[in-house]
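Number of protein chains: 2
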Amino acid sequence: MCPMESLDEKPKRRTFKGLAPEERQRERHERFMEAGLALYGTRGYHGVTVKELCAEAKLTERYFYESFKDREALFGAVYQRQVEQLRERVLAVIRRHLPDPRAMARAGLETFFQGLREDPRCARILFVDVLSISPAMTEQSRQVTSGLSGFLLQFTQALYPQLRAQGLDPEIVATGLVGACINVAMHWVYGGFAQPVEAVRDNCYALFEAMILTWSVKTSKPG
Amino acid sequence: MCPMESLDEKPKRRTFKGLAPEERQRERHERFMEAGLALYGTRGYHGVTVKELCAEAKLTERYFYESFKDREALFGAVYQRQVEQLRERVLAVIRRHLPDPRAMARAGLETFFQGLREDPRCARILFVDVLSISPAMTEQSRQVTSGLSGFLLQFTQALYPQLRAQGLDPEIVATGLVGACINVAMHWVYGGFAQPVEAVRDNCYALFEAMILTWSVKTSKPG
DNA sequence: TACTTCTGACAATGCTTCATGTCAACATGT
DNA sequence: ACATGTTGACATGAAGCATTGTCAGAAGTA
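These protein sequences, in sequence, are chains A and B.
So in my numbering, spot 144 of the first sequence is number 144, and the numbers just go up one at a time.
Position in the second sequence counted from 1, then plus 1000, gives you my numbering.
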């Protein structure tokens, strides 16, 4: 009985199982992120409940709402992480193949596809469910893919500054090429990786190269 | 009081409001189909309840379950109808432009995009929600897009029988081209049709042409 | 008019989910 | 050993949903 006891005293946070409070919380957060990847990535967003996420994370609802506002917030966090992981990986590989544009593009594509094969769960998260959750998530996805085609655009224009598409809108073409990769990836993943990754990489690269070639031809001999 | 009254007598079906029983049922079915298109196409599959579908159709739950086993069955029917409508329209236009392959492809593409602009609701149904409902619906969508790339393949190979893709898998390329059109369409629709339909059509056609050109080049002068 | 079918409004059931709350058991530092 | 922070199991409540059922009245038939 301490005499100066305040009425709204904060509980003293302390270590537990050898971990500081922040560490424990981060670990719980992490477990939910992995549970989200596991369940959302296999059964989709709408088929998964908070209770199931908790069971997968071996934690209880209380801690779920400690880390995330709701189911959608967890999905958004998982989505964003997957995007950034894949992006970093692809960019790193592209950098490693500087300055050969052909090698850069092919290696980037291969890394993209290999990432999906290593963890097919992220394919569903990145390309399917994100579009059917809420307008906010749809917009987030739109920005990601727009950013991707923007990068693609910048990339090709830096490599081939002389390219001027006659009557073509580079933004639309870039959107198309991104869509091509995504659709190929989806069919590849859902088809059980029937083709070797090199085949997928080469065929997608062929689309890129075809466009560059077309642009060169159109610009070098107009009409 | 008829003396021979059977215990399990079937109710005599009769006309009502000048319509035969079958006509009435068909009309109810139709109203649910339109309600499904309206609500699924704007708010998505998961955000719509049976009650809302009934309100939109101005009918009651009883009649919903008369026509459809559940919400998913209605979605499947709406999806299938939209696929077939768009396909018929595109095929009709393509036929009308025989035998000029360039005109056929461009007109087909334009009809595809124009169909989406006339009724943006079907974009969501055809490309987004169908993938996140159930494995069965996902498979149905897969078959549709596979059929589409199959047609594309057959089309180009019929027009350019000499084309032999060196080291390329025509199936993957076709999948990519279909994905390109779908992604361009999605961004076009969700971006509020910022570009004129001719621009979208021409840029997608450019992708097609680029591939054909690439194949021709690769086959005529190998290496 | 008398009878039957058809229709719409809505109640009822049973289930599931989200989100919060309770509480005893456990772990820790003193 | 004790007081207290921490945890997991479970309870609770409000809400929403799918599906079936009830019933009075409108619309057709004879």
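We treat Cβ as the ideally placed atom computed from N, Cα and C, and that holds for glycine.
#### Entry: Residue environment, S220/A, which counts as buried when at least 16 other CB atoms sit within 10 Å
Low confidence applies here, because S220/A scores a pLDDT of 49, under 50, leaving its location unreliable; read the following figure in that light. Exposed, because fewer than 16 other Cβ atoms sit within 10 Å of the Cβ of S220/A.
### Query
So K1051/B is in the alpha helix (DSSP H); what residue range does that whole segment cover?
1050 to 1057
#### Entry: Identity of the residues DSSP links to F16/A by a beta bridge
L19/A
### Distance between beta carbons of F208/A and A92/A, contact taken as under 8 angstroms
Not really, about 20 angstroms apart at Cβ, beyond 8 angstroms.
### Task
Within 10 angstroms of the Cβ of N203/A, are there 16 or more other Cβ atoms? Answer buried if so, exposed if not.
buried
### H1029/B versus V1144/B, M1186/B, Y1065/B, residue with shortest Cα-Cα distance
Y1065/B
### Message
Can you give me the C-alpha to C-alpha distance between L1116/B and Q1082/B, rounded to a whole angstrom?
### Response
10 angstroms
### Message
Helix, strand or coil for Y1063/B? Go by DSSP, reduced to three states.
### Response
helix
### Message
Could you give the first and the last residue of the continuous alpha helix (DSSP H) run that contains G1076/B?
### Response
1071 to 1096
### Task
Use the C-beta contact count for G192/A: other C-beta atoms within 10 angstroms, 16 or more gives buried, fewer gives exposed.
exposed
### Of the residues Y160/A, L168/A, D169/A, M186/A, the one placed nearest I1281/B, counting alpha carbons only
Given a span of 1001 to 1223 for chain B in the structure shown, any question on residue 1281/B remains unanswerable.
### Message
Residues of chain A with CB closer than 8 angstroms to the CB of M1211/B, please, in chain order.
### Response
A206, L207, A210
### Message
On the criterion of 16 or more Cβ atoms from any shown chain inside 10 Å, does F16/A qualify as buried, or is it exposed?
### Response
exposed
### Task
Note down, in chain order, all residues in the stretch 128 to 160 of chain A with a beta-carbon under 7 angstroms from any beta-carbon belonging to chain B.
V128, D129, L131, S132, R142
### Cutoff 7 angstroms: G1041/B Cβ touching any chain A Cβ
no
### Message
When you compare the CB of V184/A with every CB in chain B, is at least one pair closer than 7 angstroms?
### Response
yes
### Message
Given a cut-off of 7 angstroms on the beta-carbon distance, is the pair L1019/B and A1035/B in contact?
### Response
no
### Query
When the Cβ atoms of the stretch 1041 to 1048 of chain B are set against those of the stretch 1116 to 1132 of chain B, are three or more pairs found closer than 8 angstroms?
yes
### Query
For G1047/B, which three-state DSSP category applies?
coil
### Query
Applying the criterion that 16 or more other CB atoms from any shown protein chain within 10 Å of the CB defines a buried residue, is E139/A buried or exposed?
exposed
### Query
Between the stretch 1145 to 1155 of chain B and the stretch 1177 to 1184 of chain B, do three or more beta carbon pairs fall short of 8 angstroms?
yes
#### Entry: Same chain, Cβ closer than 6 angstroms to L1086/B, five either side skipped, listed in chain order
G1115
### Query
How is I133/A classed by DSSP in three states: helix, strand or coil?
coil
### Message
Tell me the residue span of the alpha helix (DSSP H) that contains Y160/A.
### Response
Element bounds for Y160/A: n/a, residue is neither H nor E.
### Query
Going by beta carbon distance, what residues of the same chain come within less than 7 angstroms of V48/A, once the five residues before and after it are set aside?
L39, Y40
#### Entry: Cα-Cα separation, E5/A to Y1190/B
Any answer about E5/A is weak, because its pLDDT of 40 lies below 50 and its placement is not dependable; what the coordinates show is given next. In a straight line, the C-alpha of E5/A is about 59 angstroms away from that of Y1190/B.
### Message
At a CB distance below 9 angstroms, what residues from the stretch 1173 to 1202 of chain B approach chain A? Give them in sequence order.
### Response
V1173, T1175, G1176, L1177, V1178, G1179, A1180, C1181, I1182, N1183, V1184, A1185, M1186, H1187, W1188, Y1190, G1191, Q1195, A1199, V1200, D1202
### Message
Taking the alpha carbon of T1175/B as the reference point, which residue from W188/A, L168/A, Y79/A, Q157/A has its own alpha carbon closest?
### Response
W188/A
### Chain-ordered chain B contacts of H46/A [CB-CB under 7 angstroms]
H1046, S1132
### Message
Less than 7 angstroms between the beta carbons of S141/A and V128/A, yes or no?
### Response
no
### Task
Report the three-state DSSP secondary structure of G1147/B (helix, strand or coil).
helix
#### Entry: Delimiting residues of the alpha helix (DSSP H) encompassing R102/A
101 to 118
### Query
Secondary structure at P170/A, three-state DSSP: helix, strand or coil?
helix
### Message
Could you check whether L109/A and R24/A sit closer than 7 angstroms to each other, using their CB atoms as the reference points?
### Response
no
### Task
Have a look at T1111/B and V1197/B and give me their C-alpha separation to the nearest angstrom.
9 angstroms
### Residues of the stretch 111 to 124 of chain A with Cβ closer than 8 angstroms to any Cβ of chain B, in chain order
none
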